[in-house]
Amino acid sequence: MQDFLSIYEKAMRLYKEMRYTDAMLILGDIEHSSRIHTLQGNLLKCAILRDSGRYDEEIILLKKIEKEFAGTNDAKGLTELYTMMGEVYSWQGDNNTSLAKYLKAAMLAPT
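Positions in the sequence shown are counted from 1; adding 154 to them yields the working numbering.
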């Protein structure tokens, strides 16, 4: 697990440096080599897609993450997931779905 954390931190640094391709490659490598597939790693991928202007790919990944992680107890991560989904649906003009995702985020938000 320590290896994953150090690699995730490296990917986060690359993301902050706007080195999106490098960050995505690192995240993909860790998933393929170790079969570790985490909510936070996937949310970082979504942020990279968003900042790269790849909104259609982002929403596809967000939906996949929702299916995979909806039953977990990670309230913080799920709040972030549903907030991101609300934002993307809002940008796409789907206000009903956007509101539903924002409400889901609000209900899960840790206090």
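We treat Cβ as the ideally placed atom computed from N, Cα and C, and that holds for glycine. Here the structure is a predicted model, which is why all the values come from computation and not from measurement.
May I ask you to report which of helix, strand or coil DSSP gives residue i?
| i | result |
| --- | --- |
| GLU163 | helix |
| MET261 | helix |
| MET172 | coil |
Quick one, which of the options has its alpha-carbon nearest residue i's?
| i | options | result |
| --- | --- | --- |
| LEU179 | GLY247, SER252 and ILE161 | ILE161 |
| LYS255 | GLU220, MET239 and THR226 | MET239 |
| MET166 | LEU197, GLN246, GLU241 and ASP248 | LEU197 |
| LEU253 | GLN194, THR226 and TYR236 | TYR236 |
| GLY207 | TRP245, GLU222 and ALA224 | TRP245 |
| ASN227 | LEU193, CYS200, LEU216 and GLU163 | LEU193 |
| THR265 | LEU257, THR251 and ALA229 | ALA229 |
| MET172 | GLY182, ASP205 and HIS191 | ASP205 |
Give the C-beta separation of residue i and residue j to the nearest angstrom, bearing in mind that I take them to be a contact with Cβ-Cβ under 8 Å.
| i | j | result |
| --- | --- | --- |
| ILE202 | TYR243 | ILE202 to TYR243, Cβ: 19 Å. No contact. |
Runs of 4 residues minimum, wholly inside the stretch 184 to 251: which ones carry the alpha helix (DSSP H) assignment? 193 to 205, 209 to 223 and 229 to 245
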